[in-house]
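As they're listed, the protein sequences go chains A and B.
The first sequence runs contiguously to residue 253 in my numbering.
The second sequence runs contiguously to residue 1577 in my numbering.
Written out below as structure tokens is the structure these notes cover.
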Amino acid sequence: MNDMSFWERIGHFFDDIGLIRIGSSYAGDIDFLIILVLVVVGVWFLAAELIFVYFIMRFRAKGDGRRADYIDGKNKRHKRWIFYPHLAVLVFDVLIVVVSFKVWNNVKMTLPDNPDAVIRVIGQQWAWTFQHPGVDGELDTADDIFTVDELHVENEKVYHFKLEATDVLHSFSVPVWRIKQDAIPGRSITGWFQPTVAGEFDVQCAEICGFGHGVMAARVMVETAEEHAAWVAANAPAVTAAATDANTPAPGS
Amino acid sequence: MVEPAVDLTHGHHHDDHADHGPKGWLKYVWSTDHKVIAMQYMFTGMFMALVGGFMAYVFRMQLAFPGIDVPGFGMVSPGEYNALVTNHGTIMIFWVAMPVLLAAFGNYLIPLMVGADDMVFPKVNRLSFQVFFVSTIVILASLVVEGGGFAGAWTAYPPLSADSTYNLTPLGSTLWVIGVGLEFVAFLLGGINFITTLMNSRAPGMRAFDVPIVVWMIVVASILFMLSVGPLLAGAIMLIFDQTIGTGFFNPATGGDPILWQHLFWFFGHPEVYVVLLPAMGVVIEIITTFARKKVFAYRTVIFTVVATGVLSFFVWAHHQFIAGIDPRMANIFTITTLLISVPIAELCFVYIATLYGGSITLNTPMLWALAFVAEFLIGGVTGIFLGAAGADIYFHDTYFVLAHFHYTFFPIAIIGTFAAVTYWFPKMFGKMMDDRLGKIHFWGTIIPFNLIFIPLFVLGMGGQHRRIYNYTHFPELALDWFQDMRVVATVSLLIMLAFQFVFFYNWYKTIRHGPKAPRNPWKANSLEWTTESPPPHGNWRPDEMPVVYRGPYEYSTTDREDDYWPQNEPSSRGSA
């Protein structure tokens, strides 16, 4: 933790105060963007509210017969009081846009080459099915491991996921990874993540999907290399036994 | 579900009109007077606000105390919970914010403020309310049919909304779409009147820039609504076909596309935010100028900024869909347009604050509501930046952060804006002066709990709590004790806020029964509605009193006059130095 740069330290703020863990390679970048926005708009917000409250106190009618000033805001001397602030808003918008682009492009628009593994995530009313590669490390082979509401991944490995839905919209959300992507029936959406903290975390469905939406909870188990290898070995179907199913399409594909 | 809500209705509003006997009562139903139609919209909207508020009470109780037998409702099943949040959102936006702010005050204020005896098309106006009334009955009926009310969120994303094997509410979901569609038709009819009345019925002498800002705002809002609602109305009909006759416009298995609905919905849905925001902002600037005794700071800048906001609002809709599976490159474009819209909105806030500078401010009830609108809406505005930045939206999308954000925009709009407008124009509408002390009790009893409801929800959203979950105990990370404590704080605050609303209704009742009679111009304001009797007669002015306009509506505290106001209809020769 101590080898983090100053900027990474800032990105870890929400983790440090115990609000939400940082569990993936890009979670800190997203948090950094959120904190940047928090600081920028926070300063604007406080300044506006303070001036606002000050004006209300300062210009209260006191019954002393003082009249209000007649200011129509038409001349340049007056207009600059709103002209320069609104240019400043624009400048800060540009700053936020630039950092947002950087984060968005990293998380959603680029796909790391040569992932360590590919998994498939399938949403249906009202459970998650996860398809993991078996001992051979390849998806869509006979020894794939299917689980319901339990995703097993190895820490520090780069994963691609293929997100599908069988009935209505769902949304694959793992808060500690800061990942969220809607699943759409009829499409397969590819994304990526790289867990950085071992442990057991919530998987949510973040798009209302009907009666059981509130119970569509799953868990992700981020395991060390040994743990994960042991889990795969214990759960992968023996290829000979599963050979008859080799060409069975995965649910939802 | 609607049964308990009926207990909450305050029938005494309607009793005022029931005294007239059948003939008078029928006359009331068929009236084409814009003021009567405005009241009809307002009372229907307020009744629906009680229905929507009751729903909020039920689901907040369930969230704070999961599994509780909610007094007045009973146990909340997951399906009922979904139906409650769906219809709370639908009703508060389409049957409260729109009828009260846009329709009621648009109807009441536009003819009075431009100096006309009525709308241009009074019968179209009446038809508008009648269609709206039918839509109200349809949406209420959808809650009690077999299977229960629609439960697929107010955004009604297909395939969930399109197929009853998925949503389990075959009747409720179809009635929901029909109700919303009829409501759109009603507002299309109303919008025609707003625009044409401003264009054609202004008093002699009233130029475009002599029109009060609230009228401009309501008319721009109507234009936005009429331009954006067409695609969604078409989408709604496609959705009804998908539900009832098995077409597949939004069904991927038959070549349709569920994302198409999202585009149609949000192409309307985002301008809709400004459709309800602008009338509220207009109401607020009228009140601020009156009670600060100040000319509005840069009138023309306000008008041009509002038009720019309206145009820009058509190019931001996909920020609701960043993670919905649209091309990720589109997210970058919509991040730019979304953050750009912060510029005109910030500029409007600056104008409002600048208008206070050098004023002579009286803090009575309407002014408190108007100032609270600015203070609270700022929170809603700045938290929107987090969500407009696509990178941050990956995390915040569909969390309570979004929910708290839009309640910090919609609550100031629909509730604070409405109370500001009602307390300010009450003397004109009903001819009586409201009790200012009770008004202030109601104000603080609403504003403080409001913040205590939604600030905890911001924190919960940042902690990863996602929306539309009836019970968080299924998610270990969201079942923390201190998370649950915050849910309890929000719910208890809601109960306090709801309780304080009775002060408002008592004040209303007391004022109508015992309140002092209102003079024509109790606030010493400039715009034309204050130049006629309170309440105005049929036709708004006596025939010999029809106003002629000599100046803009914000000539407060001019240097060369004894009075610190200068009514728009007062000839320059009289009273000037």
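Just so it is clear, CB atoms sit at the ideal spot from N, CA and C, and this is done for glycine as well.
Checking the DSSP bridge columns, you'll see P1066 of chain B has no partner listed. For I145 of chain A, the enclosing beta strand (DSSP E) has its first and last residue at I145 to V148. Straight across, the Cα-Cα distance linking L1063 of chain B with R1487 of chain B is about 7 angstroms. DSSP links I189 of chain A through a beta bridge to A:L163. The alpha-carbon separation between H1442 of chain B and F1504 of chain B amounts to approximately 6 angstroms. Between the alpha carbons of A1208 of chain B and I20 of chain A lies a gap of roughly 54 angstroms.
In this structure R1513 of chain B is exposed. Its beta-carbon is surrounded by fewer than 16 other beta-carbon atoms within 10 angstroms. DSSP places V1076 of chain B in no alpha helix (DSSP H); its state is neither H nor E. Nearest CB-CB separation between L19 of chain A and chain B: below the 8 angstroms threshold. In summary, the residues of the region 50-80 of chain A whose CB is separated from some CB of chain B by less than 7 angstroms are I51, F52, F55, I56, F59, R60, A61, R66, R67, A68, D69, Y70, I71, D72, G73, K74 and K79, in the order they occur in the chain. Annotation: the continuous beta strand (DSSP E) that includes C205 of chain A extends over G199 to C205. Under the Cβ criterion of 8 angstroms, K1295 of chain B is counted among the residues facing chain A.
Counting along the chain, F1396 of chain B sits inside the alpha helix (DSSP H) bounded by residues A1390 to F1396.
For P1476 of chain B, the C-beta contacts it makes with chain A under 7 angstroms involve D202, in order along the chain. Chain A places a beta carbon closer than 8 angstroms to that of E1347 of chain B, counting this residue as a contact. For the region 101-140 of chain A, there is no continuous alpha helix (DSSP H) assignment of 4+ residues that stays within its boundaries. For the C-beta of H86 of chain A, the chain B residues within less than 7 angstroms are, from N- to C-terminus, V1343, A1346, E1347 and F1350.
Distance check between R1329 of chain B and each of A:V107, A:D72 and A:W7 places A:V107 closest, using alpha-carbon atoms only.
Cβ proximity to chain B below 9 angstroms picks out V215, M216, A217 and R219 from the region 215-234 of chain A. Contact check for T1446 of chain B against F1377 of chain B fails: the beta carbons are separated by 8 angstroms or more. Restricting attention to B:V1382, B:A1156 and B:V1422, the CA atom closest to the CA of I34 of chain A is found in B:V1382. Residues are counted here when their Cβ sits less than 9 angstroms from a Cβ of chain B; for the region 124-136 of chain A these are Q125, given in chain order. W7 of chain A counts as exposed, since fewer than 16 other beta carbons sit within 10 angstroms of its beta carbon. Here T1399 of chain B carries a strand assignment [DSSP, helix/strand/coil]. Here the alpha carbon of K74 of chain A sits roughly 50 angstroms from the alpha carbon of V1138 of chain B. Taking 8 angstroms as the upper bound for CB-CB distance, V1076 of chain B and V1085 of chain B are not in contact here, some 11 angstroms apart.
A distance of 8 angstroms or more separates the beta carbons of V1343 of chain B and L111 of chain A. The beta carbon of T1032 of chain B does not come within 8 angstroms of any beta carbon belonging to chain A, so the residue lies off that interface. Residue state for S1128 of chain B is assigned as helix, using DSSP reduced to three classes.
Between the C-alpha atoms of V1311 of chain B and M1226 of chain B there is a straight-line separation of about 13 angstroms. Exclusion of the five residues before and after C209 of chain A leaves Q125, W126, V168, L169, H170 and M216 as the residues of its chain whose Cβ lies within less than 7 angstroms of its Cβ. Residue pairing of L151 of chain A in beta bridges, as defined by DSSP: A:V220.
In summary, W1030 of chain B is exposed, with fewer than 16 beta-carbon neighbours lying within 10 Å of its beta-carbon over all protein chains present.
Annotated as distal: D31 of chain A and F59 of chain A, with beta-carbon spacing of 8 angstroms or more. Secondary structure note for H1514 of chain B: it is in no beta strand (DSSP E), and the uninterrupted alpha helix (DSSP H) holding it is D1481 to H1514. Shortest Cα-Cα distance from T1559 of chain B to any of A:G199, A:L36, A:H78 and A:D69 involves A:D69.
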